[in-house]
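Position one of the sequence shown corresponds to residue 3 (the working numbering), numbered consecutively onward.
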Amino acid sequence: MMSAEFTSPTDFWPHFVEHYLGQRPIVIKQFYARPLTTAEEVFKGLLTASEQFRAGGHRGAIKFHTERSLKYDEVTEKHFPEPDDNSLDGYAERISRSLNGRRFFVSFDRYQTCDARIYLRVREFLRGLYETTGIPASSSTAVIVFGNYEKTPFGLHRDNAGNFTFVLDGRKRILAWPDEYFSGREDVLYSLDYEPFRDDAIVLEGQSGDLLYWPPNYWHIAESVGGFPLTLSVGNFSPENDASAKFFKKLSRSIEQRVRGAVGAGLYPLNPNQLQESADQLPLLAGQLSTALREASQDTQLAQSLRIAWLNRMSSFGFQAVPPPLPQSALADEDVCCVDTHYPILWLHADNEFVCSANGHAFSITAHPIVLQLLEQLNKGESCRIKCLLDKYAGTALVNNVEVAVTREDLRSIMEKLWSLRALTRTAQPHASVSTS
Ligand SMILES: [Fe+2]
Numbered sequence: 003m004m005s006a007e008f009t010s011p012t013d014f015w016p017h018f019v020e021h022y023l024g025q026r027p028i029v030i031k032q033f034y035a036r037p038l039t040t041a042e043e044v045f046k047g048l049l050t051a052s053e054q055f056r057a058g059g060h061r062g063a064i065k066f067h068t069e070r071s072l073k074y075d076e077v078t079e080k081h082f083p084e085p086d087d088n089s090l091d092g093y094a095e096r097i098s099r100s101l102n103g104r105r106f107f108v109s110f111d112r113y114q115t116c117d118a119r120i121y122l123r124v125r126e127f128l129r130g131l132y133e134t135t136g137i138p139a140s141s142s143t144a145v146i147v148f149g150n151y152e153k154t155p156f157g158l159h160r161d162n163a164g165n166f167t168f169v170l171d172g173r174k175r176i177l178a179w180p181d182e183y184f185s186g187r188e189d190v191l192y193s194l195d196y197e198p199f200r201d202d203a204i205v206l207e208g209q210s211g212d213l214l215y216w217p218p219n220y221w222h223i224a225e226s227v228g229g230f231p232l233t234l235s236v237g238n239f240s241p242e243n244d245a246s247a248k249f250f251k252k253l254s255r256s257i258e259q260r261v262r263g264a265v266g267a268g269l270y271p272l273n274p275n276q277l278q279e280s281a282d283q284l285p286l287l288a289g290q291l292s293t294a295l296r297e298a299s300q301d302t303q304l305a306q307s308l309r310i311a312w313l314n315r316m317s318s319f320g321f322q323a324v325p326p327p328l329p330q331s332a333l334a335d336e337d338v339c340c341v342d343t344h345y346p347i348l349w350l351h352a353d354n355e356f357v358c359s360a361n362g363h364a365f366s367i368t369a370h371p372i373v374l375q376l377l378e379q380l381n382k383g384e385s386c387r388i389k390c391l392l393d394k395y396a397g398t399a400l401v402n403n404v405e406v407a408v409t410r411e412d413l414r415s416i417m418e419k420l421w422s423l424r425a426l427t428r429t430a431q432p433h434a435s436v437s438t439s
């Protein structure tokens with residue numbers, strides 16, 4: 003099973019949810035037997051982020067701040083790690099040199115899109131939590147923070163989400179205060195002038211392997227304890243419900259498209275000498291709006307896109323940004339593959355197609371009983387040789403009383419797609435033949 007070593011300890015989450023989630027901060031020493039990831043792996047992940055940035059992606063995801071500057075630096079390629087840096091230490095040296103020794107802070111949001119291993123491990127981390135709480139309506143994200151900054155450059159602040167911070171390398175210190183502590187002292191917020199209140203702070207300090215947690219309503223700031231601490235923060239449980247916000251956006255766009263013609267070029271009909279007649283025009287527009295609302299409620303495309311969004315949310319465990327698919331690779335007859343039963347291929351049946359989703363990526367395939375049988379077989383989690391699956395399932399079946407064929411190549415192509423989405427992984431040997439049940 004993928005990432006099993008990053009399964010949360012048994013019974014951890016019910017206790018955590020009851021006593022800490024959304025309530026108070028905590029440091030959990032050595033949460034896993036080994037750190038969630040290493041500095042070497044993060045360096046490679048950030049090289050991927052750098053490639054994405056150079057290709058025009060990852061914009062807005064990196065924030066870079068030089069000590070004693072009043073605002074963030076404009077990010078360019080030089081702010082990212084380069085292969086010649088060889089390591090995060092090399093990256094830190096180059097950046098420090100370019101800043102003439104001034105300290106710096108850098109954060110990379112949506113890091114899970116740059117390192118699929120991290121996405122899979124964090125998914126496993128969240129699995130036990132969501133088993134206890136349900137999945138938050140807001141999205142999750144993973145942020146790498148690195149640097150030798152003295153204090154978080156943007157000062158005392160609150161994030162819009164709860165924060166699980168894995169200390170990957172070095173030591174990390176966070177000072178935190180409950181929401182109400184700064185009531186009446188608002189001038190301190192978003193500044194570095196918190197010294198008079200320092201003694202009242204809850205101090206969260208951890209080293210490599212430790213996990214720090216603080217709820218979304220806590221004011222906090224990071225302080226240096228030396229070196230270049232490296233952390234990965236998973237933000238989730240935002241009080242903002244971005245899922246419903248997206249739903250209303252879709253709905254309003256759908257209605258807007260329907261009534262746009264009703265208002266013409268931004269003008270309503272008006273005869274100033276016959277205002278009553280002009281006022282009578284309103285029911286016409288209202289009627290069109292009413293029709294648009296009725297049509298939107300029956301809009302199968304809108305309903306379908308919401309269902310797909312829901313499938314992707316489930317299959318991505320709440321990450322909106324997910325790693326891109328692997329380049330498609332041919333699956334040979336002798337390859338052996340399996341699905342992790344913790345993360346089955348999800349699908350819904352809509353009209354003449356199945357919409358499948360794995361790791362936040364949805365795709366459609368023609369609805370056919372043979373395809374359904376294959377998906378059900380794969381979701382049993384047995385290691386199967388591709389040839390065995392093709393021998394067993396390729397053939398014909400009745401669809402609307404007509405014999406319809408599904409070829410070996412059709413099935414192979416579906417499995418190749420699933421492999422590229424990391425739903426299907428290659429394994430060494432089959433430990434079970436394809437069952438006949
Ligand atoms: Fe923060």
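Idealized CB from N, CA, C, for every residue including glycine.
Residue i, DSSP secondary structure in three states
i      : result
Gln209 : strand
Leu2   : Look at the range of the chain in this structure, 3 to 439, and you will see that residue 2 is not part of it.
Ile372 : helix
Gly397 : strand
Ile347 : coil
Tyr215 : strand
Leu420 : helix
Ser439 : Unreliable placement is indicated for Ser439, whose pLDDT of 41 sits below 50; the coordinate value is still reported in the next sentence. Note: Ser439 maps to coil in three-state DSSP.
Val77  : coil
Ala323 : coil
Lys382 : coil
Gly164 : strand
Ile97  : helix
Asp342 : coil
Glu411 : helix
Phe365 : strand
Phe184 : helix
Thr293 : helix
Arg200 : helix
Leu177 : strand
Leu90  : helix
Residue i Cβ short of 7 angstroms to ligand 1 heavy atom set
i      : result
His67  : no
His222 : yes
Asp161 : yes
Neighbourhood of residue i by C-beta distance below 6 angstroms, restricted to the same chain and skipping five residues each side
i      : result
Phe166 : Tyr215, Val236
Ser366 : Glu355, Val357
Ala407 : Thr398
His60  : Ala51, Gln54
Leu90  : Ala41, Phe45
Other residues of its chain near residue i: CB distance less than 7 angstroms, five sequence neighbours each side excluded
i      : result
Pro327 : His363, Ser422, Leu423
Asp111 : Ala63, Thr143, Val145
Asp201 : none
Residue-level contact to chain E via CB, residue i, 8 angstroms cutoff
i      : result
Glu152 : No chain E is present in this structure, which holds just one protein chain.
With 16 other Cβ atoms within 10 Å as the buried cut-off, status of residue i
i      : result
Ala94  : buried
Lys73  : exposed
His17  : exposed
Thr368 : exposed
His67  : buried
Met417 : buried
Arg187 : exposed
Leu420 : buried
Asn88  : exposed
Arg70  : exposed
Tyr151 : buried
Phe250 : exposed
Gln379 : buried
Ser439 : With a pLDDT of 41 at Ser439, under the threshold of 50, the modelled position of that residue is not reliable, and no figure is offered here.
Lys174 : buried
Segment limits, alpha helix (DSSP H) that includes residue i
i      : result
Arg309 : 302-317
Arg104 : Neither: Arg104 is in no alpha helix (DSSP H) and is coded neither H nor E.
Glu133 : 118-135
Glu225 : From DSSP, Glu225 is part of no alpha helix (DSSP H) but of the beta strand (DSSP E) over 221-225.
Residue range of the beta strand (DSSP E) that includes residue i
i      : result
Thr50  : Taken as a continuous stretch (DSSP letters only), Thr50 belongs to no beta strand (DSSP E), being part of the alpha helix (DSSP H) at 41-56.
Glu279 : Taken as a continuous stretch (DSSP letters only), Glu279 belongs to no beta strand (DSSP E), being part of the alpha helix (DSSP H) at 277-281.
Val29  : 28-30
Val357 : 355-360
His21  : Counting along the chain, His21 falls outside any beta strand (DSSP E), though it belongs to the alpha helix (DSSP H) covering 14-21.
Arg428 : 426-429
Ala144 : 143-149
Spatial neighbours of residue i in its chain, beta-carbon cut-off 8 angstroms, leaving aside the 5 residues before and after
i      : result
Thr50  : Cys116, Asp117
Ala298 : Leu253, Ser256, Ile257, Arg260, Leu304
Leu413 : Ile372, Val373, Leu376, Leu391, Leu392, Tyr395, Ala396
Arg129 : Thr9, Ser10, Phe319, His344
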